Each structure stands twice: as structure tokens, then as C-alpha cells.
Amino acid sequence: MAERSLSAGPFHWLALVAVAFAAILADQLTKQFVVTQLQFGESVDVAGPLSIHHVRNSGIAFGLFSTWASAVTLLTAIAVAWMVAYFARSGARHPVLPVALGLLIGGSAGNLVDRLRLGHVTDFLDLRYWPAFNLADTFIVIGVAILLTALISAERHPRRPPRLPRAS
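Here the sequence shown is numbered in my numbering, starting from -11 and rising by one per residue.
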């Protein structure tokens, strides 16, 4: 019995590209809106603890490694390339991979576009008790959550090899 390939097929690639493109587009459009509508440092209350606050981040999450902007940019590009290569080899491994990796790649690429174009990332979603972030960061977190959920589910319910008919 031939083993099925785990390589990504055309449908997997289409799904990955669609999710990644939608994530990049949403991220870039929201950042462009913030940059054109709010001065740097300006904040607008939305509801409860949520405000739109135009800030810049040259590091990664929470401003970490802000003095290493070039290294952060390079590592982000390497991570995106690695995710694409992994997907090419394993895109059919699990049905959620196109969505999860699409969100991860789209979020990472959205922030990478900012780093290459501007030298920093535009953050704007502010919950007052948490550092400001953007849609790309949200997509990355959701992508990781989907991957972890799929991994935990696979661990709990491992696939059993098909039973072969017994010879009589």
C-alpha cells in the first residue's frame, strides 16, 4: 500500500496564500489608516480599556530587542522562509495547516513589510494594561493557538493505521 504524500498540493497552496494575503492586506490597511488619521503618540478611546494609540516598535513583542532591529528583521525573514519550506513538505499533514501557517506567515510578513519599509512596526491596539500591538501580532497569536490546539488534539487522538484484512 502506497503511503500518501504529505507535501502541499494546489488546494493547500491556494488556501495558504489566500489566508496569508488576507492577513497582510488587513494588517497593512489598518496600519495605513492609523498612520494617516492619528499623529504619532495620539490616542483615541474606543470602548472600555480599548483605545487606538499610534506607536512605533522597532523591536519584537513588548518592544524587546529594539536595539537589534536589523537582527529582528533578518530573523523574521528567515522564519517566514522556514514556514513556507515546512508547508511545502508538510502542508497536507493536517487540515488546519493552511490556515494556521497562513496566519503566521501573513502576520510575520505584515510586520516584515513595516520593518523593511519604515524601520519599525506600527502598533495601535492598546488595552491599557498590555503593550500596544497590531493585527499582524494578533494573526501570529491566533496561528500559534490553532497549531497548538491541533497538536494537542493529535496527541490525544493519534491516528491509527488502517486495519488490513486478514488472509483467510
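Note that the Cβ used here is the ideal one computed from N, Cα and C, for glycine as well.
Model, not experiment: these values are computed from the prediction.
- Excluding the 5 residues flanking it on each side, Asp111 has same chain C-beta neighbours closer than 6 Å at Val43, Asn45, Ala120, Phe121 and Asn122, in chain order.
- Out of Val129, Gly90, Ala73 and Ala65, the CA that lies nearest to the CA of Leu100 is found in Ala65.
- Between the alpha carbons of Gly(-3) and Leu4 lies a gap of roughly 11 Å.
- When secondary structure is reduced to three states using DSSP, His0 falls in the helix class.
- Residue environment analysis places Ile93 among the buried positions, since at least 16 neighbouring C-beta atoms fall within 10 angstroms of its C-beta.
- A direct Cα-Cα distance of roughly 12 Å separates Ala59 from Gly107.
- Inter-residue distance for Val23 and Leu63 is about 26 Å (C-alpha atoms, whole angstroms).
- Just measuring C-alpha positions, the residue of Leu2, Asp114 and Ala14 sitting nearest Leu38 is Asp114.
- For Arg116, the secondary structure class from DSSP, reduced to helix, strand or coil, is coil.
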